[in-house]
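Peer 1:
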Amino acid sequence: MISKALIQEFQKVVGSDGVFADEADRAAYSYDAAVLEPVVPGLVVRPTTAEMLSRVVRLCNENRLPLTVRGAGTNLSGGTVPRPDGVVVLTNGLNRILEINTEDLYAVVEPGVITAKFAAAVEARGLFYPPDPGSQAVSTLGGNVAENAGGLRGLKYGVTRDYVMGLEFFDAEGNLVKTGARTVKCVTGYNLAALLVGSEGTLGVIHKIILKLIPAPQHRKSMVAVFDRVSGASETVAAIIANRIVPATLEFLDNFTIRAVEAYSKAGLPVEAAALLLIEVDGHPGQVEEEAAKVEAICRERGASSIQVARTAQERDKVWEARRAALSALAKLKPTVVLEDATVPRSRIPDMVAAVEEIARRHHLTIGTFGHAGDGNLHPTILTDRRDEKEWQRVERAIDEIFDRALAMGGTLSGEHGIGLAKASFMERETTRATLDYARRIKRALDPNNILNPGKIIGDA
Ligand SMILES: Cc1cc2nc3c(=O)[nH]c(=O)nc-3n(C[C@H](O)[C@H](O)[C@H](O)COP(=O)(O)OP(=O)(O)OC[C@H]3O[C@@H](n4cnc5c(N)ncnc54)[C@H](O)[C@@H]3O)c2cc1C
1 MISKALIQEF QKVVGSDGVF ADEADRAAYS YDAAVLEPVV PGLVVRPTTA
51 EMLSRVVRLC NENRLPLTVR GAGTNLSGGT VPRPDGVVVL TNGLNRILEI
101 NTEDLYAVVE PGVITAKFAA AVEARGLFYP PDPGSQAVST LGGNVAENAG
151 GLRGLKYGVT RDYVMGLEFF DAEGNLVKTG ARTVKCVTGY NLAALLVGSE
201 GTLGVIHKII LKLIPAPQHR KSMVAVFDRV SGASETVAAI IANRIVPATL
251 EFLDNFTIRA VEAYSKAGLP VEAAALLLIE VDGHPGQVEE EAAKVEAICR
301 ERGASSIQVA RTAQERDKVW EARRAALSAL AKLKPTVVLE DATVPRSRIP
351 DMVAAVEEIA RRHHLTIGTF GHAGDGNLHP TILTDRRDEK EWQRVERAID
401 EIFDRALAMG GTLSGEHGIG LAKASFMERE TTRATLDYAR RIKRALDPNN
451 ILNPGKIIGD A
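Note that UniProt numbering gives residue 403 to position 403 of the sequence shown, counting from 1, and the numbers run on in steps of one.
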């Protein structure tokens, strides 16, 4: 319970219309896109300037209030599930694009800018910001940085980390920390941006981001390769990479996901296919044609029964919109949807797809699998009903086994969705106790009162 006097302190900082103390308002910020019990925070505040944000952090620290920053709340690992005695700090009032520099190819933004709006603003200036999480229509750039979000273009263009040139953030006491620069090269001091990217709000509160922009590709070609066997599709992924071709996007959808997506988006996907690969190559027109021809040949060699090439920009957009709708389409089918994120070296994609199928069969579960196969990053998605206790126990065992199989293949717990609360207890399986202790020592040194998003990633510091 946060006292009335303290609520008034926050009102003095952000104004009374920026403080939400009613239970109904607070309940709206008790959950995110992870399947976890909601936790209603003690207070929600909405600063609209950097100065306000800094003072909010300071007030939380002085009063030992746990502080959870929230962008759009789309993370899938419980990163924005707050503490009951804590404060949720919204960034949707800090949503200005401060600069798009077309000469020096960078932009400066506040954390609450919506990813897709930013990408469109950049595109309108003839440039390109590649990171494109499936949630981009609502996710924020601050949330993308704090999660090191990936997306559909990770294979060729990398992830958010690869575009962060600099950050300004507030430490646990509300002091301003600056790292990086607007220059292509910068080795001034520790690379604190690298520490903050992916830190899920546990080490600082980001208020300004300098992002790298690149020239837009001249030409793009998208295709849908249809397979009658799942193994044909998954082996094709490994073969394309092994042939030294790096498509911008290389996505996998199994039959269950194809049917769900088609029912949802009516994009004309072939519902009888065992699996689809959605592929886009981009670059110089000559290179695009050459690579597309090679990709087509590899798909056919591995048993693709047909390859549909998008002839217009509208046809292309339709395919990618359908793919982006995969999670929403699956979520319509059952009350509870658990989207996993275990990632393996790319050559192990066929083994991982087979492992997930086997786990689903053995536990009598429905698992649709789709994802960024070119990155080795599959999203096995378990459709269930959490109220069914027996089935939920099987779900938990299946998740456990999916992680174990990925790790045994040289993979990792999370390719892009982060650890948050959902996977914190699994961390030691991939790393060592000493690794966790090392991380906890960093956390304790930088946030001695443990106010910054406590419990996330490393458990209780
Ligand atoms: C349909 C759907 C599709 C998705 N597709 C993808 C995908 O393709 N790739 C991918 O990587 N993810 C994907 N995600 C997951 C999610 O969208 C990303 O993790 C995204 O980066 C979260 O952004 P957000 O604004 O919602 O952040 P939030 O969920 O609000 O926050 C995420 C984390 O960042 C912290 N945070 C937010 N802002 C700040 C700040 N200013 N300073 C410090 N910490 C901060 C929060 O405390 C939290 O720990 C998807 C989610 C959904 C629901």
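Glycine residues also receive a C-beta, built at the ideal position from the N, C-alpha and C atoms.
Using a threshold of 7 Å, state whether the C-beta atoms of V177 and F169 are closer than that.
Peer 2: Taking the first residue of the sequence shown as position 1, residue 177 is located at position 177. Taking the first residue of the sequence shown as position 1, residue 169 is located at position 169. In this structure, F169 lies closer than 7 Å to V177 by Cβ.
Peer 1: Tell me, which residues are paired with A107 by DSSP?
Peer 2: On the sequence shown, residue 107 is found 107 positions in, with the first residue counted as 1. In DSSP, A107 forms a bridge with I100 and L211.
Peer 1: Evaluate D388 with the Cβ neighbour count: other Cβ atoms within 10 Å of its Cβ, from every protein chain shown; 16 or more gives buried, anything less gives exposed.
Peer 2: Taking the first residue of the sequence shown as 1, we reach residue 388 at position 388. By the 10 Å Cβ count, D388 comes out exposed.
Peer 1: Could you check whether E430 and R407 sit closer than 7 Å to each other, using their CB atoms as the reference points?
Peer 2: Your numbering for residue 407 matches position 407 in the sequence shown. Your numbering for residue 430 matches position 430 in the sequence shown. The amino acid at residue 407 is misidentified as Arg; the sequence shows Leu. Yes; because the gap between Cβ atoms is below 7 Å, this pair is in contact.
Peer 1: Enumerate, from N- to C-terminal direction, the unbroken alpha helix (DSSP H) stretches of 4 or more residues contained entirely within the stretch 113 to 146.
Peer 2: Runs found: 115 to 124.
Peer 1: Compute every distance between the C-beta of A146 and the non-hydrogen atoms of ligand 1, then say whether any falls below 6 Å.
Peer 2: On the sequence shown, position 146 is the one that residue 146 refers to. Yes, ligand 1 has a heavy atom inside 6 Å of this Cβ.
Peer 1: Considering only C-alpha positions, which residue in the set V35, V40, L53 and V39 is nearest to residue 483?
Peer 2: Residue 483 is absent from the structure shown; the chain starts at 1 and stops at 461.
Peer 1: Report the residue from A238, E321 and A116 whose alpha carbon sits nearest the alpha carbon of R302.
Peer 2: Within the sequence shown, residue 302 is the residue found at index 302, counting from 1. Comparing Cα-Cα distances from R302 to each of A238, E321 and A116, the minimum goes to A238.
Peer 1: Verify the contact flag: D32, CB atom, against every heavy atom of ligand 1, threshold strictly below 6 Å.
Peer 2: As a position in the sequence shown, residue 32 is number 32, starting the count at 1. True, at least one ligand heavy atom lies under 6 Å from that Cβ.
Peer 1: What residues match up with T384 in a beta bridge as DSSP calls it?
Peer 2: By 1-based counting over the sequence shown, the position of residue 384 is 384. DSSP lists T336 as partners of T384.
Peer 1: Considering only C-alpha positions, which residue in the set P111, V81, I245 and P133 is nearest to A325?
Peer 2: Residue numbering aside, residue 325 sits at position 325 when the sequence shown is read from its first letter. The residue with the shortest Cα to Cα distance from A325 is P133.
Peer 1: What whole-angstrom Cβ distance do A248 and L127 have, given they're in contact under 8 Å?
Peer 2: Numbered from its first residue, the sequence shown carries residue 248 at position 248. Numbered from its first residue, the sequence shown carries residue 127 at position 127. Wrong, their Cβ atoms sit about 16 Å apart, outside the cutoff.
Peer 1: Determine the burial state of Q136: buried for a count of at least 16 other Cβ atoms within 10 Å of its Cβ, exposed for fewer.
Peer 2: For the purposes of this step, residue 136 is taken as the residue at position 136 of the sequence shown. Counting Cβ neighbours within 10 Å, Q136 comes out buried, since at least 16 surround it.
Peer 1: Taking only the alpha-carbon atoms, compute the straight-line gap between R440 and K390 and give it to the nearest angstrom.
Peer 2: Against the sequence shown, residue 440 aligns to sequence position 440. Against the sequence shown, residue 390 aligns to sequence position 390. So the two alpha carbons sit approximately 36 Å from each other.
Peer 1: Across which residues does DSSP place F426 in a beta bridge pair?
Peer 2: Residue mapping note: residue 426 aligns to position 426 of the sequence shown, counting from 1. Per DSSP, none; premise fails for F426.
Peer 1: At what residues does the beta strand (DSSP E) containing R44 begin and finish?
Peer 2: Working through the sequence shown from its first residue, we reach residue 44 at position 44. The residue you asked about is not Arg; residue 44 is Val in the sequence shown. L43 to V45 is the span of the beta strand (DSSP E), which, as asked, contains V44.
Peer 1: With DSSP as the reference, please indicate the residues paired to I206 in a beta bridge.
Peer 2: The count along the sequence shown starts at 1 and reaches residue 206 at position 206. Looking at the DSSP assignment, I206 forms a beta bridge with F169.
Peer 1: Using 10 angstroms around the beta-carbon of M352, count the other beta-carbons present and answer buried if the total reaches 16, otherwise exposed.
Peer 2: Start at 1 with the first residue of the sequence shown, and residue 352 comes out as number 352. M352 comes out buried.
Peer 1: Compute the Euclidean distance between the alpha carbons of A402 and D447, then round it to the nearest angstrom.
Peer 2: On the sequence shown, residue 402 is found 402 positions in, with the first residue counted as 1. On the sequence shown, residue 447 is found 447 positions in, with the first residue counted as 1. Note that residue 402 is Ile in the sequence shown, not Ala. Roughly 34 Å between the two C-alpha positions.
Peer 1: Quick one: what does DSSP say K221 is sitting in, helix, strand or coil?
Peer 2: Within the sequence shown, residue 221 is the residue found at index 221, counting from 1. Reduced to three states, the DSSP call for K221 is strand.
Peer 1: Taking the Cβ atom as the reference point for each residue, do S305 and D228 lie within a distance shorter than 7 Å?
Peer 2: On the sequence shown, position 305 is the one that residue 305 refers to. On the sequence shown, position 228 is the one that residue 228 refers to. In this structure, D228 lies closer than 7 Å to S305 by Cβ.
Peer 1: For D254, count neighbouring Cβ atoms within 10 angstroms of its own Cβ and tell me buried if that reaches 16, exposed if not.
Peer 2: Position 254 of the sequence shown holds residue 254. So D254 counts as buried.
Peer 1: Does the beta carbon of E173 fall short of 6 Å from some heavy atom of ligand 1?
Peer 2: For the purposes of this step, residue 173 is identified with residue 173 of the sequence shown, where counting begins at 1. It does not: the Cβ of E173 is nowhere closer than 6 Å to a heavy atom of ligand 1.
Peer 1: With a cut-off of 8 Å on the beta carbons, I'd call residue 463 and F370 a contact; round off their distance for me.
Peer 2: Shown here, the chain extends from 1 to 461; a query on residue 463 therefore has no answer.
Peer 1: What I want to know is whether the C-beta of G151 ends up closer than 6 Å to one or more non-hydrogen atoms of ligand 1.
Peer 2: The residue labelled residue 151 in the question sits at position 151 within the sequence shown. Yes; taking the cut-off as 6 Å, the Cβ of G151 has a heavy atom of ligand 1 nearer than that.
Peer 1: Take S139 and list the residues in its own chain whose beta-carbon comes closer than 6 Å to its own, dropping the five residues that flank it on each side.
Peer 2: In the sequence shown, counting from the first residue as 1, residue 139 sits at position 139. Excluding residues within five positions, the ones whose Cβ falls inside 6 Å are A72, T74, T115 and P133.
Peer 1: Mind checking who T68 pairs with in its DSSP beta bridge?
Peer 2: Taking the first residue of the sequence shown as 1, we reach residue 68 at position 68. DSSP output for T68 lists V88 as bridge partner(s).
Peer 1: Rounded to the nearest angstrom, how far is the Cβ of V338 from that of V35, given a contact under 8 Å?
Peer 2: As a first step, residue 338 must be located in the sequence shown, where it is residue number 338. As a first step, residue 35 must be located in the sequence shown, where it is residue number 35. That pair is a contact at about 5 Å.
Peer 1: Going by DSSP in three states, S347 sits in which element: helix, strand or coil?
Peer 2: Your numbering for residue 347 matches position 347 in the sequence shown. Residue state, collapsed to three classes: helix.
Peer 1: Let's see if you can read the secondary structure: which residues bound the beta strand (DSSP E) around E37?
Peer 2: Position 37 of the sequence shown, counted from the start, is the residue given in the question as residue 37. Note, E37: premise wrong, no beta strand (DSSP E); not H, not E.
Peer 1: Measure the CB-CB distance between M165 and K212 and report whether it falls below 7 Å.
Peer 2: For the purposes of this step, residue 165 is taken as residue 165 along the sequence shown, with counting starting at 1. For the purposes of this step, residue 212 is taken as residue 212 along the sequence shown, with counting starting at 1. Yes, Cβ-Cβ distance for M165 and K212 is below 7 Å.
Peer 1: Would DSSP call N243 helix, strand or coil?
Peer 2: The count along the sequence shown starts at 1 and reaches residue 243 at position 243. Looking at N243 - three-state DSSP - the assignment turns out to be coil, as it is neither helix nor strand.
Peer 1: As a quick exercise: from D25, L277, E62 and F20, pick the residue whose alpha carbon is nearest that of V45.
Peer 2: In the sequence shown, residue 45 corresponds to position 45, counting from 1. Nearest C-alpha to V45: F20.
Peer 1: Bridge partners for K178 per DSSP, in chain order?
Peer 2: Taking the first residue of the sequence shown as position 1, residue 178 is located at position 178. According to DSSP, K178 bridges with E168.
Peer 1: Any idea if K266 is buried or exposed, counting beta-carbon neighbours within 10 angstroms, 16 or more meaning buried?
Peer 2: In the sequence shown, counting from the first residue as 1, residue 266 sits at position 266. So K266 counts as exposed.
Peer 1: Measuring CA to CA, which of F252, Y106, N450 and Q287 is closest to V224?
Peer 2: As a first step, residue 224 must be located in the sequence shown, where it is residue number 224. Taking only the C-alpha atoms, the option nearest V224 is F252.
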